[in-house]
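As they're listed, the protein sequences go chains P and V. Residues 5 to 408 in this note's numbering are what the first sequence spells out, letter by letter. Residues 183 to 293 in this note's numbering are what the second sequence spells out, letter by letter. Note that beta-carbon positions come from the ideal geometry of N, C-alpha and C, so glycine has one too. A short write-up of the structure that comes next.
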Amino acid sequence: MQEAENIELYDRRWTLDYPELGTGPVSIEPYLSQEYFDRERDTIFRRSWLNVGREEQIPAAGDYFVQEIPNCGVSILIVRGNDGVIRGFHNVCAHRMNKLVWTNDGSCQTFSCKFHGWSYDNSGQLRGVPDEETFFDLNKKERGLSPVAVDIWQGFIFLNLDPNPEETLLEYLGEMGDRLAEFPFKDMTACYAYRGELKANWKLGVSAFNEVYHVAFVHPSSGNSFRDKDNMFGRPLWAKLDKRHHTLSILGNPDFKMTPVEAVAGSHTPQVSQGGVGSGRGSNPSGAKDWSLDINVIFPNFFVDVASGWYFTYNFWPLAPDRTFYEMKNYYAPPRNASERFSHEYSRALLRDILHEDLHMMEQTQAGVASAAGTARRNILLGDSEVCVRHHMKVVNDHVGRTD
Amino acid sequence: MQLPQPFSKLEPFVEQWSLGTERERNNIRITSTMEEIQEFYDAMLSQIHDALTYLDSFPLDDMPEDAQKLFNLTLSLAEVSNCVERFGEPAVPNGFDSARFTPFSPYGPIP
C-alpha cells in the first residue's frame, strides 16, 4: 500500500507545477560568460543574504573570523563583541583603508591596524589614533569600522553586502526557514569540513548536487543506497520550489545491505546509507516513505542537506567564470566515545569519497561546456528529476536580468 | 610502546597504519597497494568490535598511549574500508585529486 504511494509519486512531473520554469533547453552561457559572472556579482552576491559560518565558531567575546567574498572583492570581519552581539564590518581601517585583520580567525579585544596603529574595539568603535592632534576635524565616533548587515538564523551567520537589504534574513528565507525551523542544528556541533578550489563555474557545483539522477552513474558503488527497484534514477520523493530556495526529498533504499565496516559504524551513529526515521523535526516535510535526506538550497550558494541525526552544508564562492572555492561541512552530535568517533570517521571518509566523484565530474562538465561553446548546440536539456537545477538557473537568470 | 595485549596480533600494522591525522591516513591509503590494504582490513575487521569496546573505556581526548595507537588503527580502517567494500582500488575511481580537497576544523579539532 505504502509502496504504491511512492510509485504514484514517481509518475508526477514536478516541473509542471511551476509553469514559469518552462520545460525547454537552458543556455550554457551562464557557465562561461564573464559578463554574466559580473552581473551575478552585482545583482546576486552584492544583494543577497550569504551564509558565512555558524555562531559556534566565535563563542566568546572578541572571537572573530574573516570571510572573503572573492567575486565581490571584499573582506569581511565577523566578530563577537564584549556585549555578546555578533557584528560584521568591512575588514578595512578607516584611516587609509588598509586591510585591518590579516589572520583567518582568532580572538582579541582590540584590532590594531598594521599601517599606522589605529585601533578599534570588538564592537567596531575607533578607540585609538596615534598622534591624534595632527588630524583635522576627526570625529572618532563617526570613524569606526564600516558595518555590514549581519543576522543569525538557527545558529547560521549570514551577511548582506547591500547597505540597505531589501528584506530581513527571516523574510529572505521565507518558507525554507519554516521547513527547517525545528531541525536540531544546535545539537550537532562536531564538524568535519573540507575545502578546495574547483575548475568549474559555481552554478555547475550547485547543479551537480541539485539532483539524484546522476547518482547511479557518478556513484555506482558509493551511492547505491539512494535507489531501489522502483526508482533507479533519482526521481524526487518530493520537491518544493520557493521564490528563490528549494527542497528536494530523496529516497533511501530500506532494503539496502550495509557493508561490513559500515554496519559497525552504523551500530553507533547514523550513516549515509541509512534511511531516515520519518518526518518532523525539520526534515522530510512531505512525510514520504523510505526517505533518506533533504537537499535544501538556500539561494544563491548555500546547501543545508538534512538527514536523520546528521547534516551537511556546502558553500560555493565564485572566483571566476570557470573557478569556484568550495567548502563542505559535515555535522554530527559530538562523539562521546571511541565507537562514535570511529563511526564519524567512517561517514566522513565515505562522504568525502562520494564528493571526490562529484568534484571530478564537475570539472569534466566545465570542460565539456567550454568545448560546446564553439558549436551550434549551446544549451542543456533538463528532465523532471533535474527540476531543482532548472529552478536555480532560472532564479539566477531572473536576478541577472534585473534592471533596478 | 606496544599495543594493548589483546590486540598484539595487530602490531605488524602499527608502523604503516597508526596515524593521527586524516591527511596521513588518506595519504597512506592512496599510496598503498590493494594487497596491503586488504591484509590490514582483514586483520582489523576481525577485532574491530573488541577494539572499540576496549577503547570506549577511556576518555576520547585523553587515552593512554597504547590505546591511542590502537584507536588510530581503527580510524585507518574507517579510511580504507571503501577501497575494499566499494571501489576495489586504493583511490576513488574517476575521483578528484585528494591533495586539492583538504580537511579543516572551523570549531577546533575533534579528538
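Going along the segment 293-315 of chain P in order, which residues come within less than 7 Å of chain V, judged by CB to CB distance? Residues: none.
When you compare the CB of H364 (chain P) with every CB in chain V, is at least one pair closer than 8 Å? yes
Beta-carbon of P186 (chain V) versus every beta-carbon of chain P: anything under 8 Å? no
Counting only Cβ pairs nearer than 7 Å, list the residues of chain P close to L234 (chain V). A342, S343 and F346
Which residues, in chain order, does the segment 381-407 of chain P contribute to contact with chain V at a C-beta distance below 8 Å? If the cut-off is 8 Å between Cβ atoms, the segment 381-407 of chain P has nothing near chain V.
Does the pairing of the segment 267-277 of chain V with the segment 315-327 of chain P give three or more beta-carbon distances under 8 Å? no
Closest Cβ-Cβ distance between N276 (chain V) and chain P: below 8 Å? yes
Kindly examine the ligand ATP and report whether one of its heavy atoms sits closer than 7 Å to the Cβ of P272 (chain V). Inclusion of the ligand ATP in the displayed structure is not the case, the ligand content being empty and no account of it being possible.
Are the CB atoms of K244 (chain P) and P288 (chain V) nearer to each other than 8 Å? no
Anticipated Cβ contact below 8 Å, K305 (chain P) with V210 (chain P), distance rounded: According to the sequence shown, residue 305 (chain P) is Asn rather than Lys. Going by Cβ atoms, the distance from N305 (chain P) to V210 (chain P) rounds to 7 Å, so yes, they are a contact pair.
Can you list, in chain order, the stretches of the beta strand (DSSP E) that have 3 or more residues and sit fully within the segment 5-69 of chain P? 54-58
Rounded to the nearest angstrom, what separates L130 (chain P) and W122 (chain P) at their Cα positions? 8 Å
Of the choices P:D402, P:A267, P:E146 and P:R394, whose alpha-carbon is the least far from that of L20 (chain P)? Comparing Cα-Cα distances from L20 (chain P) to each of P:D402, P:A267, P:E146 and P:R394, the minimum goes to P:R394.
Output needed for A292 (chain P): all residues of its chain with C-beta closer than 6 Å, excluding positions within five of it in sequence on either side, in chain order. L241, W242 and S253
Please report how far the alpha carbon of E193 (chain V) lies from the alpha carbon of A233 (chain V), in whole angstroms. 13 Å
What first and last residue would you give for the beta strand (DSSP E) that runs through C76 (chain P)? C76 (chain P) -> no beta strand (DSSP E), and no H or E assigned at all.
Provide the residue span of the alpha helix (DSSP H) that contains E204 (chain V), from first to last. E204 to T213
Report the three-state DSSP secondary structure of S277 (chain P) (helix, strand or coil). coil
Are the beta-carbon atoms of G148 (chain P) and A98 (chain P) separated by less than 8 Å? yes
Beta strand (DSSP E) segments (min. 3 residues) lying fully within the segment 250-291 of chain V: 284-286
Please list the partners that P325 (chain P) has in chain V, where partner means a Cβ-to-Cβ separation under 9 Å. Those do not exist, as P325 (chain P) stays about 19 Å from chain V at its closest Cβ, beyond 9 Å.
Here's the rule I'm using: 16 or more other beta-carbon atoms within 10 Å means buried, otherwise exposed. How should W53 (chain P) be labelled? buried
When you compare the CB of M353 (chain P) with every CB in chain V, is at least one pair closer than 8 Å? The sequence shown places Ala at residue 353 (chain P), rather than the Met named in the question. At least one chain V Cβ lies under 8 Å of A353 (chain P).
Rounded C-alpha distance that separates P188 (chain P) from Y315 (chain P): 10 Å
Should S277 (chain P) be flagged as near chain V, meaning a C-beta pair shorter than 8 Å? no
Contact with chain V by E7 (chain P), beta-carbon distance below 8 Å: Residue placement at E7 (chain P) cannot be trusted, given a pLDDT of 48 that sits under 50; the coordinates are not used to answer.
Kindly identify the DSSP beta-bridge partner or partners of Y176 (chain P). Within the DSSP secondary-structure output, Y176 (chain P) pairs in no beta bridge.
Is A260 (chain V) close to chain P? Criterion is C-beta to C-beta, closer than 8 Å. yes
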